Each structure stands twice: as C-alpha cells, then as structure tokens.
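The numbering used here puts the first residue of the sequence shown at 434, with every later residue one more than the last. Every residue gets a Cβ at the ideal spot worked out from N, C-alpha and C, and that includes glycine. Bear in mind the structure is a predicted one, so any value in this text is a computation, not a measurement. First up is the structure itself, then whatever we jot down about it.
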Amino acid sequence: MRKIILDLCSLEKTDSFARKISAHLFPGAILLFWGSMGTGKTTFAKSICAGLGVLPEIVGSPTYTLVNIYPGDRTVFHVDLYRLNDPEELDDFDREDLITDEGVTLVEWPQYLLNYLSDEPVLNLEFETISENQRRLILESESSNFDILFKTLEQENLSLQKTANPLSRVGK
Ligand SMILES: Nc1ncnc2c1ncn2[C@@H]1O[C@H](COP(=O)(O)OP(=O)(O)O)[C@@H](O)[C@H]1O
Ligand SMILES: [Mg+2]
Numbered sequence: 434m435r436k437i438i439l440d441l442c443s444l445e446k447t448d449s450f451a452r453k454i455s456a457h458l459f460p461g462a463i464l465l466f467w468g469s470m471g472t473g474k475t476t477f478a479k480s481i482c483a484g485l486g487v488l489p490e491i492v493g494s495p496t497y498t499l500v501n502i503y504p505g506d507r508t509v510f511h512v513d514l515y516r517l518n519d520p521e522e523l524d525d526f527d528r529e530d531l532i533t534d535e536g537v538t539l540v541e542w543p544q545y546l547l548n549y550l551s552d553e554p555v556l557n558l559e560f561e562t563i564s565e566n567q568r569r570l571i572l573e574s575e576s577s578n579f580d581i582l583f584k585t586l587e588q589e590n591l592s593l594q595k596t597a598n599p600l601s602r603v604g605k
C-alpha cells in the first residue's frame with residue numbers, strides 16, 4: 434500500500450494539486466473522496482474535472498441525482514452519496530450506472546459504493562480541515578496503477594523537504 438500526506442495551504446494549491454493528479458488518471462480509475470462536510474471534496478473534484486477537459490460550469494454537486502456524468506477528454510462520473518441513508522437505496526442502480534470503466538469515476542461519501550468494488554484501481558483521498566484555507570490530504574492506494582503518481586509525488590516532496598520551508602511531508 435502506498436500513502437502520502439500533503440498539506441494544501443490554499444485554494445490555489447488545492448486546484449493545482451488536483452490538476453496534477455488528473456494528469457495521472459486513466460480509463461477505469463476510481464477516486465474515493467473521504468472526509469466530512471466542507472473539507473473540500475467537491476472543490477477538488479471540480480479541479481480534477483477541469484484537468485480532464487470538462488467545462489467547469491457544468492460541474493456541481495450531484496444534489497438531486499446521485500450521479501452526474503460529464504463529457505470531456507475523458508468522461509467523468511461524479512457520484513455523491515451524501516443523501517443516501519440506507520445502502521438499499523442503491524438497489525435500483527447497476528454497477529454501470531455508478532462506475533465507468535472507460536472514463537474516470539469520482540465518488541463523494543463513498544462508503545456504500547464499496548459493495549460495488551472488487552479489484553478496481555482505487556485511489557483513496559481523505560480530506561481534513563486544518564484551518565479556514567488549509568486542508569490536509571491523505572492519499573492511499575493498494576493499486577499498482579497509481580505507482581507512477583506516488584513516485585512522482587514522493588520525489589517532489591523530497592525536493593521540497595530540502596527547501597527551508599517544506600509544505601508537505603511524506604509517509605509510507
Ligand atoms: N485549501 C482548500 N482546499 C479546498 N477547499 C478549500 C480550501 N480552502 C478553503 N476551501 C473552501 O472550503 C469549502 C469546501 O467545500 P466543498 O468542496 O463543497 O466541500 P465538501 O464537498 O467536502 O463538502 C469551499 O467553500 C472552499 O472554497
Ligand atoms: Mg461535496
């Protein structure tokens with residue numbers, strides 16, 4: 434399992450980091466966004482979408498539907514299960530209604546989606562609020578499909594740690 438912890442100290446930092454992640458995504462990638470209300474899951478999802486060529490104005494929280502589908506350079510399924518009280522409410526949904534193998538799937542409040550997953554390439558992103566404009570992000574994956582992403586981030590962190598004022602730290 435690979436793991437990295439980052440401090441996103443501003444909205445701009447969150448945006449540029451999310452866009453960087455989007456460059457490493459591939460058909461069938463699934464990103465699970467963990468963390469409580471207001472920690473920045475939708476904000477991060479929007480920047481990922483922008484990086485995938487989705488028009489920013491069409492990206493929003495899927496409030497009345499559980500899934501929004503955005504066309505772009507890659508199709509994005511944006512799932513938000515916040516309103517789900519009971520996993521049985523998902524019984525009307527087939528896997529292909531919630532997860533795309535051709536595009537990228539982003540899931541907020543993903544707990545009940547876990548039943549649909551087996552060995553897909555999943556990247557877990559856990560968001561925590563540190564202060565008004567600062568978020569901590571913990572990235573974790575057991576899938577080797579994200580190895581290059583983690584290696585790239587670890588290398589960037591190592592070079593950052595050599596500077597006087599490191600912004601992030603690495604864990605394994
Ligand atoms: N560094 C940051 N990263 C992400 N969001 C931030 C940051 N600083 C402040 N925010 C604000 O926090 C809020 C996060 O809201 P949102 O993305 O809807 O959260 P969630 O989807 O987790 O409920 C937004 O108003 C956003 O502008
Ligand atoms: Mg949200």
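Please report the straight-line C-alpha distance between residue i and residue j, rounded to a whole angstrom.
i	j	result
Tyr-515	Leu-485	24 Å
Thr-498	Asn-518	14 Å
Asn-590	Met-470	28 Å
Gly-604	Ile-502	Caution is warranted here: a pLDDT of 47 is assigned to Gly-604, below 50, making its placement in the model unreliable, and no coordinate value can be reported.
Ser-494	Asp-513	7 Å
Pro-554	Ser-564	31 Å
Leu-571	Asp-524	In the sequence under discussion, the amino acid at residue 571 is Ile, which differs from the Leu named in the question. Distance between the alpha carbons of Ile-571 and Asp-524 is about 31 Å.
Ala-483	Glu-521	33 Å
Gly-536	Lys-446	25 Å
Leu-444	Thr-472	12 Å
Suppose the cutoff is 8 Å on Cβ atoms and the five residues either side in sequence are ignored; what does the same chain contact list for residue i look like?
i	result
Asp-580	Arg-435
Arg-452	Ser-480, Ile-481, Ala-483, Gly-484
Tyr-457	A quick correction: the sequence has His, not Tyr, at residue 457. Phe-579, Ile-581, Leu-582, Thr-585.
Sort the options by Cα distance to residue i and report the nearest one.
i	options	result
Ile-454	Leu-550, Asp-552, Lys-479, Trp-542	Lys-479
Leu-464	Glu-589, Leu-556, Thr-447	Leu-556
Glu-559	Leu-586, Lys-474, Pro-520, Arg-507	Lys-474
Phe-450	Ala-462, Gly-461, Phe-477	Phe-477
Phe-526	Ser-551, Leu-444, Val-500, Val-487	Val-500
Glu-561	Asp-506, Trp-467, Gly-461	Trp-467
Asp-552	Glu-575, Phe-459, Val-492	Glu-575
If I measure Cβ to Cβ from residue i and keep anything under 6 Å in the same chain, skipping five residues before and after, which residues do I get?
i	result
Leu-546	Val-540
Pro-543	Leu-465
Glu-376	As shown, the chain starts at 434 and ends at 605. That puts residue 376 outside it, with no answer to give.
What does a CB cutoff of less than 7 Å around residue i pick up in its chain, not counting 5 residues either side in sequence?
i	result
Thr-533	Thr-508, Phe-510
Tyr-549	Arg-528, Leu-531, Ile-532
Asp-448	Ser-480
Assuming residue i contacts residue j under a Cβ cut-off of 8 Å, what Cβ separation, rounded to an integer in Å, is found between them?
i	j	result
Leu-586	Ile-437	5 Å
Asp-440	Gln-588	About 18 Å separates the two Cβ atoms, so there is no contact after all.
Who are residue i's beta bridge partners in DSSP?
i	result
Ile-502	Phe-510
Asp-519	Note: Asp-519 sits in no beta bridge, so no partner.
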